[in-house]
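Going down the list, the protein sequences come from chains C and S. Per the numbering used here, the very first residue in the first sequence carries number 1; after that it's consecutive. Per the numbering used here, the very first residue in the second sequence carries number 1001; after that it's consecutive. Don't be surprised by glycine CBs; every beta carbon is placed ideally from N, CA and C. Only a predicted model underlies this, so the values are computations on that prediction, with no experimental measurement involved. A quick write-up on the structure given underneath.
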Amino acid sequence: MFGKLSLLFEEFLIFIALLLLMLFFGLMTENFFTLGTLRTISTQLPALTVVTIGMTLVLISGGIDLSVGSIVALSSGVIGIAFTVFELPLPVAAILGILAGGCAGLINGFLGSYLRLPVFIVTLGMLEAGRGMAYLVTDSQTVYIGASIQALSLPISGIGVSASFLISLGLVVLAQYVLTRTVYGRYLIAIGTNEQAAKISGIRTEPYLMWVLVMSGLLAGLGGLMNAAYLGASDPNAATGLELSAIAAAVIGGTSLMGGRGSIVGAFIGVLIISVLQNGLAQMGVSEPVKRLITGLVIILAVLIDRWRGRQV
Amino acid sequence: MTARITIKGLNKSFATPVLKQLALQVAPGSIHGLVGENGAGKSTLINIICGLLAADSASLTLDGRAYHPTSRTDSLAEGLALASQELSLIETLSIEENILLSSFPQNAVSIDRRAVRQQAKVLMEIVGLRNIPPQTQLAHLSLAEKQLVELAKALSMPADRIKLLILDEPTSALTSSQADQVHKIIKQRAKSGLSVIYVSHRLDDVLCVCDTVSVLRDGVIQLTAASNSLTSNDLIREMSGEELLQHSGDEPRETGDLRLGIEQLSSADFPEPISLQCHAREIIGIAGLAGAGRSELLHAIYGLAADRQGRVVLNRSGANVLIDSANTAAKNGMALIAEDRKSQGIFSGKSISFNTTVAGLGKLSGNLGAIIPKREQRVSEELISRLKVKCEGTLQSIDRLSGGNQQKVLIARWLQSESDVWLLDEPTRGVDAGSKFAIHEQLRKLRDQGATMIIVSSELEELTALCDRILVLSNKKAVAIFKRGQWSKEKLLAAAFSEHKGERALAG
Ligand SMILES: Nc1ncnc2c1ncn2[C@@H]1O[C@H](COP(=O)(O)OP(=O)(O)OP(=O)(O)O)[C@@H](O)[C@H]1O
Ligand SMILES: [Mg+2]
C-alpha cells in the first residue's frame, strides 16, 4: 500500500523544498530568475550530477566511494595530456579519460568485493592515490585545452542548456530506471539491505558489488571530462572534496548511508538544492564562510527530516 | 488475592484494529499461557505491557496499583522481565555483555568485568549454555543459542525484583530437551511466586507448562481456562474459530529417481564426511540435538560453508550439475530457507512483494532485465493468499508483519522461485498450528509434483508427519537413518544422544 507511494512522495517532498528555495532566492535577490543563473547552474551541474549518480548506486549497495573527486581530476588530466601532448583527437582523449576512471573503479571494486577489504578504506586509499596520479600525469600543471572541449559545456543555441547537461539528465533517467525497474537494481537494493539473505536467495553478490564501483569510476571519469570542458583546461587540483558534495546530495535526496535505500531522482534534486543554495547565497552577497555554514546546516536538516519520517539514515 | 497484573479495556489499532477492549488477569505465581494465530496480536499485547508500544486506551494495574509504562525503562523498574520473540540482542557484543546489558555491575569508575563474567556464567549455566565461553561474540551463535541468551538476559533481573516474566515464543528454535530445561526453570521460579506469561505455538508445551491458558482471537480473549481441562485440539479450534482437518499419517511411499547425490561432503563446521542420496518425490528429515550440526549440514549442501570438501551433484532432467556455490544452487532450482529469518532471511524495510519475488526475478522480467510491475504484483498477491499471510497488502513493509507471517513470506519466496530441491531449516518456526498444516500441505503437494526436500526440525512430530526417511545427526556425525515405519520416538532420541557421551542426557 505504501511502498511506491511513499517513494514518490519522498521525492515530491524534496522537490517542494527545492521550489521553496528557488522562490526564496527569487524574492530575496534581483536577478535570480534570469537566464544567467540558469546558465551558471547548468554549466556547473553536470559533473556533480554524474558523480552523484555513481555515488548513490554505491551507497544503495551498502558501500561508499570516497575516491570520486580524485578520479575526476585524474580523468581530466589524462584527457588534457592525451589531447595536447600526444595530439590524439578529442573524442579518443575523452574515452581514455573515462576509461582511466573505470580502471580506478575496477581496482576499488576488485579489492572491495573479491578480496573483501572494507570499501571505505579502499576508496580512501584511492582518494590519495588517484590525486597523486593526477599530479603525475599533468606534472602538477594546469593543462590548457581550449575552445574545442568547451563546446561540450556551452549552451546549445535554441535549447539554452549545454550538451553536458543533457547527457547528465539522460543518465539520471536511465539510472533511475535501472534502479527501480530492473533485476540489476533490485539486486543492488537487496544486497545493500541484507547481504547474507541476498546470498541465500541465489544472488552472487561479488560481481554486483564490483560493478557498482566500476560504474562509479566510469561516471567519475565522465565527470572529469565535463569538468575539463567547463574549465577549458585540466586542473590536477580540480574537484577536491567533490565526494563529500556527492554524498551530501545523495543524502539530501533520501539515500541511506546504511545501504538498501535511495533514489537517483532524489539525489539529482539534492544536487539542484546544493547548487541553487550556492548560487543564490552568492547572489545575495553572503560570504564564503557563511555559505559553507548554511550548506552544512541544510545537510543536517535533510537527515533530520528523514529521521523524523521514521527512516534509518 | 490481588492479581499480579490486570489489563482492562485495552484497545490498539495499527491500520486496522488489532486488540479490542481486551481484558486479562494473571495471578501471582501462575504460569499463564497465551496462544493465538499468527498476527492475533500476542506480541503487540506484550509490547504494550512492557511500554514498548503505546496503547490507544488501556487501564493496567500491577499488584493493585495503577501502572502506565511509557518506555521499557519504566517496565524494567517495575520488575517486568521480557524475552522477546524477535530477540533484543546486539550481534557485535559478547554473550556476557548482552546478558547484563540493562544492569551492568559497576565499580567506582567502570564496568566490573569480573562480576559481569561471574553473573553471566551463573545465568548461562541455568539456561543450559554450558560449553560456550561467555566472551564469545553473539554473531557466532546459532539461533537456539541466541534464544537461550535472550532468556538469560530476561532472568538477569535480581530474583527479589522480578515480578512478571514475559516469554514470547522462547522455545521456537530449541530442541525438546532444551525446551524442557527452560520449562523446568520457569516452573521452579513460579513456585516461589513469580508470575509468567508464556506465549508459544507449541500447544502441547503450553498445556504441559502452564496453569492457565488464554486464547486470543479477533482482538479479544476468547477463552481462559485451566490447562488440565483443555486439549490442543480445543486450543486450535478456539484460535482459528473452525475445526481443523488434520492430515492422517502417511504410509510408506514410492519415491522417484535419484535427484541429489551428496558424496563425502564435509566442511569446517561439519568435519565428518557424509554421503546421502535424495530422490525425487522424497522428503528427508534431519533430526538431532542442539549443536548436532543440522544447519551446518544444510549450509554445506547449499554451497555456503567454508572449507567445503566432497561433492554435491544435482541431477536436472538427465544432466548432472555440480553444486559448488549458493549461486549455482539457486540457479539450478535449489532453495534454502535459513533458520534465522532476521539475519539471513528478510530484507528489512522492504515490501512484502519485494521479499517474495527476490529469488525469482528472472521470470518476472522482460528483455533487458526490466521487471514487469503487473506481473510482480499478481504473483505476490497470489502467494500471499495461498499461504494466508495476514497483511494489509503486498506493498506493506515486511517489518510490520507478525513473526509467523514473516516466516510465511519466506516460504512464499521460494514457492515463487519454483525450486525443485528444497532445504528447509525449521520451516514452521513460530508459525501457528493452522498455518503449519497449510505449509505442510504445500510441501506435500510440491513433493507429489516431484520435488526433493531436506527438512531440519526440532519438532520430531513435524519430521514424523512429513518425512520418508529421517537422518539422525549426533555431535556432527551421521549416526542413523530410518525409513518410514521403522522409526519410533525412542529410537530417534537414542540415536540423537548416542555421540553426546558424558553430557547430561535430558529426556526429549
Ligand atoms: N508496526 C506495525 N504497523 C502495522 N501493523 C502492525 C505493526 N506491528 C504489528 N502489526 C500488525 O498487528 C497484528 C498483530 O501482530 P503481532 O505481532 O502482535 O502478532 P502475534 O500474535 O505476535 O503473531 P505471531 O504468532 O506471528 O508472532 C498483525 O496483523 C500485524 O500485521
Ligand atoms: Mg508474535
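| query | result |
| --- | --- |
| Given a cut-off of 9 Å on the beta-carbon distance, is the pair S:L1387 and S:A1412 in contact? | yes |
| For C:T56, count neighbouring C-beta atoms within 10 Å of its own C-beta (all shown protein chains included) and say buried if the count is 16 or more, exposed if not. | buried |
| CB of S:V1018 to nearest heavy atom of ligand 2: below 8 Å? | no |
| Taking CB distances under 9 Å as the criterion, tell me whether S:Q1406 reaches chain C. | no |
| Taking just the CA atoms, how far does S:P1373 sit from S:L1466? | 36 Å |
| Can you name the start and end residues of the beta strand (DSSP E) that S:I1031 belongs to? | 1031 to 1035 |
| Considering Cα atoms alone, identify which of S:V1149, S:G1362, S:S1353, S:M1001 is closest to S:C1391. | S:S1353 |
| DSSP three-state label for S:G1285, please. | strand |
| Counting only the same chain and skipping the five closest in sequence on each side, list residues whose C-beta sits under 8 Å from that of S:G1256. | H1279, A1280, R1281, E1282, G1450 |
| Could you work out which residue in C:L99, C:A94, C:V173 is closest to C:G266 when comparing CA atoms only? | C:V173 |
| Thinking just about the alpha-carbon of each residue, which of S:Q1344, S:V1321, S:K1342 is nearest to the one in S:G1333? | S:V1321 |
| If we count the other Cβ atoms within 10 Å of its Cβ and call it buried at 16 or more, is S:Y972 buried or exposed? | Outside the shown range of chain S (1001 to 1508) lies residue 972 of chain S, about which nothing can therefore be said. |
| Specify the secondary structure class of S:A1505 as computed by DSSP and reduced to three states. | With a pLDDT of 41 at S:A1505, under the threshold of 50, the modelled position of this residue cannot be trusted; read the value that follows with caution. Of the three classes helix, strand and coil, the one that applies to S:A1505 here is coil, per DSSP. |
| Counting pairs of beta carbons, one from the stretch 186 to 203 of chain C and one from the stretch 251 to 264 of chain C, are three or more of them closer than 8 Å? | yes |
| On the criterion of 16 or more Cβ atoms from any shown chain inside 10 Å, does C:D65 qualify as buried, or is it exposed? | buried |
| I'd like to confirm the pairing. Which residues does DSSP put opposite S:D1168 in its beta bridges? | S:V1199 |
| When the distance is taken between beta carbons, is C:L222 closer than 9 Å to C:I41? | no |
| Compile a chain-ordered list of the residues in the stretch 164 to 198 of chain C whose CB is closer than 9 Å to at least one CB of chain S. | Y177, V178, T180, R181, T182, V183, Y184, G185, R186, Y187, I189, A190, T193, N194, Q196, A197, A198 |
| With a cut-off of 8 Å on the beta carbons, I'd call C:L48 and C:A246 a contact; round off their distance for me. | 7 Å |
| Comparing alpha-carbon positions, which option in S:D1160, S:D1205, S:A1154, S:M1157 lies nearest S:A1179? | S:D1205 |
| Extract the residue ranges of the alpha helix (DSSP H) inside the stretch 1053 to 1082 of chain S, only unbroken runs of 4 or more that lie entirely within it. | 1072 to 1077 |
| Under 8 Å Cβ-Cβ, which residues of chain S neighbour C:S201? | A1330, V1358, A1359, R1413 |
| Please specify which runs of the beta strand (DSSP E), each continuous and at least 3 residues long, are wholly inside the stretch 1333 to 1362 of chain S, giving them in chain order. | 1334 to 1337 |
| Just tell me which of S:N1107, S:T1073, S:N1047 has its CA closest to the CA of S:I1197. | S:N1047 |
| Consider the Cβ of C:G260: report whether some Cβ of chain S lies at a distance smaller than 9 Å. | yes |
| Considering only their Cβ atoms, is the gap separating S:I1323 from S:L1336 smaller than 9 Å? | no |
| Under 9 Å, do C:S113 and C:L225 count as touching if we go by C-beta distance? | no |
| Please work out which residues of its chain come closer than 8 Å, Cβ to Cβ, to S:G1318, disregarding the five sequence neighbours upstream and downstream, and give them in chain order. | none |
| Can you give me the C-alpha to C-alpha distance between S:F1482 and S:E1426, rounded to a whole angstrom? | 20 Å |
| Check whether the stretch 164 to 178 of chain C and the stretch 130 to 150 of chain C are in contact - that is, three or more C-beta pairs closer than 8 Å. | no |
| Can the beta-carbon of S:L977 be found less than 9 Å from the beta-carbon of S:L1423? | Examination of residue 977 of chain S is not possible in this model, given that chain S is present from 1001 through 1508 alone. |
| At a cut-off of 8 Å, would you count S:C1391 as near ligand 1, judging by its Cβ distance to the nearest heavy atom? | yes |
| Considering only the beta carbon of each residue, do S:A1055 and S:L1101 sit closer than 9 Å? | no |
| Where do the N-terminal and C-terminal ends of the beta strand (DSSP E) with S:E1272 fall, by residue? | 1270 to 1279 |
| What residues in its chain sit with their C-beta under 7 Å from that of C:P118, if we drop five residues either side in the sequence? | none |
| Which one or two residues does DSSP pair with S:R1469 in a beta bridge? | S:I1284, S:K1483 |
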